[in-house]
Amino acid sequence: MCGIVGIRDAGGVSFSIYYALYALQHRGQESAGISTFDGTRLFKHKGQGLVAEVFDSAILESLEGNVGIGHVRYPTTGANRPENAQPFNFAFRDHTISIAHNGNLVNSRQLRDEYECRGQIFCSTTDTELIAKVITEEMSNSGCIEDAVHRCMRVLRGSYSVVMMIDGVLYGFRDPLGIKPLCLGRTQKGLIIASESVAVDALGGTFLRDVAPGELICIDGEGMRSMQIARASRRAHCIFEYIYFARADAVLDGALVYDVRLRIGAKLHEEAPVQADSVCPVPDSGTAYAVGYSARSGIPFMESLLKNRYMGRTFIMSTQNERERAVRIKLNPIRKHLENGAVVLVDDSIVRGTTSRRIIGIMREAGAREIHVRIGSPSIVAPCYLGVDMPTREELIAHRRDEEEVRRHITATSLHHVTIDALVESIGIGRENLCMGCLTGTYPVDIPGEVSSPVAVDFLDGTYQTRLEKFGTGKE
Ligand code: AMP
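The sequence shown begins at 1 in this note's numbering and counts up one residue at a time.
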């Protein structure tokens, strides 16, 4: 539920990390942080708020060094407490360590209990601190980072993409199922590891490849090494990254998100064609889907709902009345486009159903006669435990309601969700390699009280296959 980045670059890193975090801002708006290392000292700054609110040029100038990591934190996970902001920084023996994480562990309570029973203390409620504990414990046993990451992959259950800096060496690793994204790119004088390729683009860098599930990347002054620590029998890429979470211009595990959404839009027309005057997206989450629907159906694409891009989280809403007004300030219908017309309204997903219901109300008030809702995801029927903030089953509108009941609730003229088959085909990654827990209620890792079909993971004990890749290092 977060965005992470790690950069090693001979030209200094704080500004680059800032720009990369800016590009990843959609992955988290609660807090932002950067840690850098100059060869001997750790520099760090983090705070609550958006990247642009937390940093200014004086702060960035003070973050010295050619290696560093950064993090943006998602707004609604866990406690909104300053101590939960990342990167998490600490000293361990003679080592200086910073770590940042994207994902969600499903066995963190149990692991925490084990550590606490041994008298260990925690300063935050984050999974990140737990991952740090697993790593330092193994470092003190074997002194070897590969073994420490191996230990993580053995004991952590859930999703985790991690960037870590130990004494100025940059590491990145991804859980053996590859649930959350992580990719590699080249910067002007070094290398970047980031949640999405858009962070590489923002630096004018070159996208190199995704970090493989179960892979550990190590970047130091000598170059980049890659080690396959674990190998799973299949992958479990999060489907919701394609549907909603990732930016449309990101390439995730080989698929350009915009094109996936275009293809889904086209399928929505094939599966549920309708006569209408225009195709209107819910901005911005429905835009690429609506373009695809319009292109396939021949019905003109028309933005009849305009979004105010300047409405931040700080907008004050103390009463119900003000909340209603906030919706109107955020989204304004264009009456002339809608009056007496039939509209295909396209969005990515219905979760609780409150957004669609509200938007349909606004469009009807503006004179729309028919509103045919087309949704780019199948019905969301089960919660996510692996990193996407979803409400409980009871709060999900599609839990125990069929499509007709949901249609009535949101007051649409007609409603269609894309089918799972069409979604999988549009992504272009085999169904067996996707996590579709929120759509099917079957999860790729063991979750107490839920149905799962856990993926087998092989550990390449002691003999990690190390590959040296000569992408340039930061020495140039
Ligand atoms: P609702 O049905 O009222 O819960 O709102 C669903 C809308 O919120 C969708 O159109 C998405 O654009 C957006 N959305 C979906 N999932 C999430 C999420 N995990 N966090 C924030 N917004 C989301």
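The beta carbon of each residue, even a glycine, is placed where N, CA and C say it ideally should be.
Proximity to residue i [Cα-Cα], best of the options
i	options	result
Cys152	Ala246, Asp167, Ser108, Val54	Ser108
Glu215	Val162, Leu203, Asp167	Val162
Ala58	Ile99, Ser14, Asn84	Ser14
Asn102	Glu404, Ala194, Cys218	Ala194
Ser526	Ile192, Asp201, Ala255, Asp113	The displayed coordinates of the chain run from 1 to 476. Any statement about residue 526 would go beyond what the structure contains.
Met165	Ile97, Cys144, Ser142	Ile97
Leu24	Cys2, His45, Ile34	Cys2
Tyr115	Asn141, Val251, Glu137, Ala382	Glu137
Gln228	His95, Leu177, Ile420	Leu177
Val106	Ser197, Gly6, Thr128, Asp277	Thr128
Ile145	Leu130, Val155, Tyr171	Tyr171
Ala85	Val51, Asp249, Val445, Arg431	Val51
Asp347	Tyr310, Leu386, Glu303, Ala368	Glu303
His95	Arg41, His45, Thr125, Val67	Arg41
Glu64	Asn80, Val54, Ile17	Ile17
Lys307	Ala412, Asp147, Leu331	Leu331
Ala246	Lys180, Glu222, Ser233, Ser31	Lys180
Glu271	Tyr19, Phe90, His417	His417
Ala288	Ile243, Met311, Ile429	Ile243
Residue i versus residue j - alpha carbon distance
i	j	result
Asp175	Thr355	33 angstroms
Leu423	Arg235	17 angstroms
His71	Tyr160	14 angstroms
Ile350	Ile410	10 angstroms
Thr77	Asp389	Any reading at Thr77 is ruled out, since the residue's pLDDT is 47, under 50, leaving its predicted position unreliable.
Ala295	Arg374	15 angstroms
Val291	Val257	13 angstroms
Met363	Pro333	6 angstroms
Pro87	Ser377	33 angstroms
Leu182	Ile264	24 angstroms
Phe43	Gly49	20 angstroms
Asp9	Ser140	29 angstroms
Ile371	Val343	5 angstroms
Asp458	Gly39	36 angstroms
Ser142	Ala100	23 angstroms
Asn340	Phe240	35 angstroms
Glu322	Arg358	15 angstroms
Val251	Leu203	16 angstroms
Ile217	Met224	7 angstroms
Gly11	Cys238	35 angstroms
Val406	Val5	39 angstroms
Asn433	Asp113	32 angstroms
Met436	Tyr443	7 angstroms
Gly367	Thr413	14 angstroms
Leu130	Asp277	54 angstroms
Gly474	Val67	Interpretation of Gly474 is limited by its pLDDT of 44, a score under 50 that renders its predicted location unreliable; the figure taken from the coordinates is listed afterwards. The straight-line gap from Cα to Cα measures roughly 9 angstroms.
Leu60	Glu53	12 angstroms
DSSP beta-bridge partners of residue i
i	result
Phe43	Thr36
Asn107	According to DSSP, which records beta bridges pairwise, Asn107 is partnered with nothing at all.
Glu469	Met224
Glu394	Partner(s): none; Glu394 has no beta bridge.
Pro281	Val346
Val451	Thr442
Arg374	Val346, His416
Asp421	Looking at the DSSP assignment, Asp421 forms no beta bridge with any residue, so it has no partner.
Lys267	In the DSSP output, where bridge partners are listed per residue, Lys267 has none listed.
Leu256	Val251
Arg309	BP columns for Arg309 are empty, so no partner.
Ala194	Val5, Cys183
Cys117	According to DSSP, which records beta bridges pairwise, Cys117 is partnered with nothing at all.
Phe301	Val279
Cys152	DSSP output for Cys152 lists no bridge partner at all.
Phe122	Paired residues: none, contrary to the question.
Thr165	One point to set straight first is that residue 165 is Met, not Thr, in the sequence displayed. In the DSSP output, where bridge partners are listed per residue, Met165 has Ser98, Leu170.
Tyr160	Gly103
Pro333	Leu305
Cβ distance (whole Å) where residue i is taken to contact residue j below 8 angstroms
i	j	result
Gly190	Phe207	Gly190 to Phe207, Cβ: 15 angstroms. No contact.
His337	Ser297	Rounded, the Cβ-Cβ distance is 17 angstroms, inconsistent with contact.
Gly441	Val381	6 angstroms
Arg352	Glu395	6 angstroms
Glu83	Cys123	6 angstroms
Val200	Ile192	6 angstroms
Ile447	Tyr385	5 angstroms
Tyr293	Val279	5 angstroms
Asn89	Ser35	5 angstroms
Ala456	Ala232	7 angstroms
Gly158	Val451	Not confirmed; about 16 angstroms, so no contact.
Below-7 angstroms beta-carbon distance, residue i vs any chain B residue
i	result
Phe173	Included in the structure is just one protein chain, with no chain B present.
Closer than 6 angstroms: residue i CB and nearest the ligand SAM heavy atom
i	result
Arg400	For the ligand SAM, the structure offers nothing, since it holds only the ligand AMP.
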